[in-house]
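Peer 1: My numbering applies: residue 444 is where the sequence shown begins, and numbers increase by one. Got a structure for you, questions after.
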Amino acid sequence: MATIKKHNIWHGKADNLIFYEFRGQPCIRSKPQDMAPPSSPGQVAQQERVAAVAIFYKSLRDAGLYAFWQKAAEGMVQTGYNLLLQKNIRAFNGDGCICDFSKLQMTPDLLPLPDLLSMRVGEEGEAVVEWSNSTPYPGAKEEDRLAIALMRKDTDVFDLIIPDIGICRRRDERAVFRVADNFLLYEHFYIFFIAEDGERCSLGVWFHL
């Protein structure tokens, strides 16, 4: 059944058409045809990858990172979710597990990264992050904040957290922090920068300690 909403836009179904609104614009599409179940191993594997990205998306959303993907998709036809799917599906194998943590893209490329970003374990067991601001990249600001996302070591568990590491700015070129003992299972570190207004972020660089 179709209903009439504001501005005389129909919402619902009529015959083989679907009436809906997307980004404030009225749209019409045909109903999808009944799809046969996947018949080849390749189709099954691709469905597993897509399903895994859907679970990964929920982890990003719960951690507060999905808003950056929505920002990245502004002005595009595709949604933030479709952009996230496009950038991350290669990180999963046909069983729906992470096959390459370095290919996971936690955040979209909205801010430039500094040069020579590195991470190591210090003498007291703390994490030491260092970088260089030798190149004045457009859009980079001294006030950009360092942020870190941690992910579990399990390839089939997409648990993600954003630990509190205090305030460290791009201008500092160095950060030292210690991860709490209850986060010891989170071996995969993704380092990125967030603009002072909280609207944009850089790509996350993967480190495994």
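Glycine included, each C-beta is placed from N, C-alpha and C at the ideal position.
Is the beta carbon of E639 sitting closer than 8 Å to the one on E566?
Peer 2: The count along the sequence shown starts at 1 and reaches residue 639 at position 196. The count along the sequence shown starts at 1 and reaches residue 566 at position 123. In this structure, E566 does not lie closer than 8 Å to E639 by Cβ.
Peer 1: Taking only three categories from DSSP, how would you classify D558?
Peer 2: Translated into positions along the sequence shown, residue 558 becomes position 115. Residue state, collapsed to three classes: strand.
Peer 1: Taking A592 as the reference, which of W574, R612, D607, Y580 has the closest Cα?
Peer 2: Position 149 of the sequence shown holds residue 592. Selected option, being the one with the closest Cα: D607.
Peer 1: Would you be able to state if there are at least three C-beta pairs under 8 Å between the segment 600–617 and the segment 555–575?
Peer 2: The segment 555–575, when compared against the segment 600–617, does touch it at the 8 Å Cβ threshold.
Peer 1: Alpha carbon to alpha carbon, what distance is there between F635 and V571?
Peer 2: Mapped onto the sequence shown, residue 571 falls at position 128. Mapped onto the sequence shown, residue 635 falls at position 192. Cα to Cα, V571 sits roughly 14 Å from F635.
Peer 1: In whole angstroms, what is the alpha-carbon distance linking S502 and F535?
Peer 2: Counting from 1 along the sequence shown, the entry for residue 502 is found at position 59. Counting from 1 along the sequence shown, the entry for residue 535 is found at position 92. Distance between the alpha carbons of S502 and F535 is about 15 Å.
Peer 1: DSSP state of E491, grouped into three classes?
Peer 2: On the sequence shown, residue 491 is found 48 positions in, with the first residue counted as 1. Of the three classes helix, strand and coil, the one that applies to E491 here is helix, per DSSP.
Peer 1: Leaving out five residues before and five after I637 in sequence, what residues of the same chain have Cβ atoms less than 7 Å from its Cβ?
Peer 2: Indexing the sequence shown from 1 puts residue 637 at position 194. Cβ within range, chain order: D587, R588, A590, C644.
Peer 1: Does DSSP put F636 in a helix, a strand or coil?
Peer 2: Stepping through the sequence shown from its first residue, residue 636 is reached at position 193. Three-state result, F636: strand.
Peer 1: For the alpha helix (DSSP H) that L527 lies in, which residues bound it at each end?
Peer 2: Translated into positions along the sequence shown, residue 527 becomes position 84. From DSSP, the alpha helix (DSSP H) with L527 extends over 523–531.
Peer 1: Taking 8 Å as the cut-off, decide whether the C-beta atoms of Q548 and L627 are in contact.
Peer 2: Residue mapping note: residue 548 aligns to position 105 of the sequence shown, counting from 1. Residue mapping note: residue 627 aligns to position 184 of the sequence shown, counting from 1. Not a contact, by the Cβ cut-off of 8 Å.
Peer 1: Can you tell me the Cβ-Cβ gap for Y500 and L526, rounded? I've got them flagged as a contact below 8 Å.
Peer 2: On the sequence shown, residue 500 is found 57 positions in, with the first residue counted as 1. On the sequence shown, residue 526 is found 83 positions in, with the first residue counted as 1. Rounded, the Cβ-Cβ distance is 11 Å, inconsistent with contact.
Peer 1: Using 10 angstroms around the beta-carbon of A497, count the other beta-carbons present and answer buried if the total reaches 16, otherwise exposed.
Peer 2: The residue given as residue 497 occupies position 54 in the sequence shown. A497 is exposed by the Cβ-count criterion.
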